[in-house]
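Residue numbers (my numbering): -9 to 100.
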(Lines of atoms letter the chains of each structure in order from A and count residues from 1; the text may use other names and numbers.)
(Lines give C-alpha, C1' and ligand atoms only; values in the text may rest on other atoms or scores of the structure.)
Protein backbone atom coordinates (compact mmCIF):
# COMPACT_ATOMS: atom_id res chain seq x y z
CA UNK A 1 0.00 0.00 0.00
CA UNK A 2 1.53 3.29 -1.10
CA UNK A 3 0.31 6.59 0.36
CA UNK A 4 0.06 9.67 -1.82
CA UNK A 5 -0.18 13.33 -0.88
CA UNK A 6 -1.41 16.19 -3.04
CA UNK A 7 0.54 19.43 -2.47
CA UNK A 8 -0.18 22.90 -3.80
CA UNK A 9 2.57 25.42 -4.51
CA UNK A 10 2.56 29.00 -5.71
CA UNK A 11 3.98 29.61 -9.18
CA UNK A 12 5.90 26.66 -10.61
CA UNK A 13 6.88 23.65 -8.50
CA UNK A 14 10.26 22.01 -9.02
CA UNK A 15 11.84 18.88 -7.60
CA UNK A 16 15.61 19.11 -7.13
CA UNK A 17 17.62 15.94 -6.55
CA UNK A 18 20.59 16.81 -4.32
CA UNK A 19 23.72 14.66 -4.60
CA UNK A 20 25.53 13.65 -1.38
CA UNK A 21 27.10 16.82 0.07
CA UNK A 22 25.48 19.11 -2.53
CA UNK A 23 23.92 22.23 -1.01
CA UNK A 24 21.19 24.59 -2.16
CA UNK A 25 20.18 27.89 -0.49
CA UNK A 26 16.46 28.69 -0.67
CA UNK A 27 14.41 31.62 0.67
CA UNK A 28 12.13 30.74 3.60
CA UNK A 29 8.68 29.90 2.30
CA UNK A 30 9.98 28.73 -1.07
CA UNK A 31 10.48 25.08 -0.14
CA UNK A 32 7.58 22.63 0.04
CA UNK A 33 9.03 19.28 1.07
CA UNK A 34 12.27 17.42 1.64
CA UNK A 35 13.31 13.82 2.01
CA UNK A 36 14.29 12.81 5.57
CA UNK A 37 17.87 12.34 4.31
CA UNK A 38 18.15 16.04 3.35
CA UNK A 39 19.65 18.14 6.15
CA UNK A 40 18.36 21.69 6.71
CA UNK A 41 20.22 24.58 8.33
CA UNK A 42 19.96 28.38 8.32
CA UNK A 43 22.36 30.84 6.70
CA UNK A 44 22.33 34.52 5.74
CA UNK A 45 22.46 36.12 2.32
CA UNK A 46 25.93 37.48 3.15
CA UNK A 47 27.16 33.93 3.89
CA UNK A 48 25.27 32.29 1.04
CA UNK A 49 26.79 30.29 -1.78
CA UNK A 50 24.91 32.70 -4.07
CA UNK A 51 27.65 35.25 -3.37
CA UNK A 52 27.14 38.97 -3.10
CA UNK A 53 28.57 39.36 0.40
CA UNK A 54 27.32 42.20 2.56
CA UNK A 55 26.51 44.45 -0.43
CA UNK A 56 24.39 41.70 -1.94
CA UNK A 57 22.57 41.34 1.38
CA UNK A 58 21.88 45.09 1.59
CA UNK A 59 20.67 45.21 -2.03
CA UNK A 60 18.45 42.19 -1.47
CA UNK A 61 16.88 43.69 1.66
CA UNK A 62 16.15 46.95 -0.15
CA UNK A 63 14.42 44.94 -2.88
CA UNK A 64 12.27 43.13 -0.29
CA UNK A 65 14.21 39.85 -0.28
CA UNK A 66 14.83 37.85 2.86
CA UNK A 67 18.15 38.20 4.69
CA UNK A 68 17.77 34.64 6.06
CA UNK A 69 17.99 31.55 3.84
CA UNK A 70 17.40 27.85 4.42
CA UNK A 71 20.39 25.72 3.37
CA UNK A 72 19.62 22.16 2.28
CA UNK A 73 22.35 19.51 2.02
CA UNK A 74 21.86 16.23 0.15
CA UNK A 75 21.47 13.46 -0.59
CA UNK A 76 17.77 13.45 -1.38
CA UNK A 77 14.86 15.27 -3.01
CA UNK A 78 13.76 18.83 -2.30
CA UNK A 79 10.50 20.41 -3.48
CA UNK A 80 10.68 24.13 -4.31
CA UNK A 81 8.03 26.65 -5.41
CA UNK A 82 8.89 29.66 -7.56
CA UNK A 83 6.76 32.14 -5.59
CA UNK A 84 6.02 32.63 -1.90
CA UNK A 85 2.58 33.34 -0.46
CA UNK A 86 1.70 37.00 0.03
CA UNK A 87 -1.46 37.47 2.10
CA UNK A 88 -4.16 39.73 0.64
CA UNK A 89 -3.67 43.45 1.36
CA UNK A 90 -6.28 46.20 1.58
CA UNK A 91 -6.67 48.22 -1.60
CA UNK A 92 -4.02 50.95 -1.80
CA UNK A 93 -1.75 49.36 0.83
CA UNK A 94 1.97 49.38 0.08
CA UNK A 95 3.33 45.98 -0.84
CA UNK A 96 6.24 44.56 1.15
CA UNK A 97 8.18 41.31 0.83
CA UNK A 98 6.94 37.88 1.93
CA UNK A 99 5.87 37.17 5.49
CA UNK A 100 9.43 36.37 6.62
CA UNK A 101 11.03 39.16 4.61
CA UNK A 102 12.37 42.50 5.80
CA UNK A 103 11.65 45.34 3.40
CA UNK A 104 14.09 48.15 4.16
CA UNK A 105 12.80 50.01 1.12
CA UNK A 106 9.92 51.19 3.33
CA UNK A 107 12.42 53.28 5.34
CA UNK A 108 12.90 55.59 2.38
CA UNK A 109 9.18 56.27 1.83
CA UNK A 110 8.89 58.65 4.82
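Ideal Cβ placement from N, Cα and C applies to all residues, glycine included.
Top-ranked residue by Cα proximity to residue i, from the options
i, options, result
"residue 15", "78, 72, 82 and 60", "60"
"residue 33", "21, 17 and 22", "17"
C-alpha gap between residue i and residue j, whole angstroms
i, j, result
"residue 7", "residue 1", "19 Å"
"residue 104", "residue 64", "Nothing about residue 104 can be reported from this structure: the residues present for the chain run from -9 to 100 only."
"residue 70", "residue 79", "25 Å"
"residue 22", "residue -1", "7 Å"
"residue 83", "residue 31", "34 Å"
"residue -6", "residue 81", "39 Å"
"residue 72", "residue 24", "16 Å"
"residue 20", "residue -9", "30 Å"
Beta-carbon proximity of residue i to residue j, cut-off 9 Å
i, j, result
"residue 5", "residue 67", "yes"
"residue 28", "residue 57", "no"
"residue 3", "residue -3", "yes"
Residue i - partner residues in DSSP beta bridges
i, result
"residue 59", "33"
"residue 5", "69"
"residue 14", "62"
"residue 24", "68"
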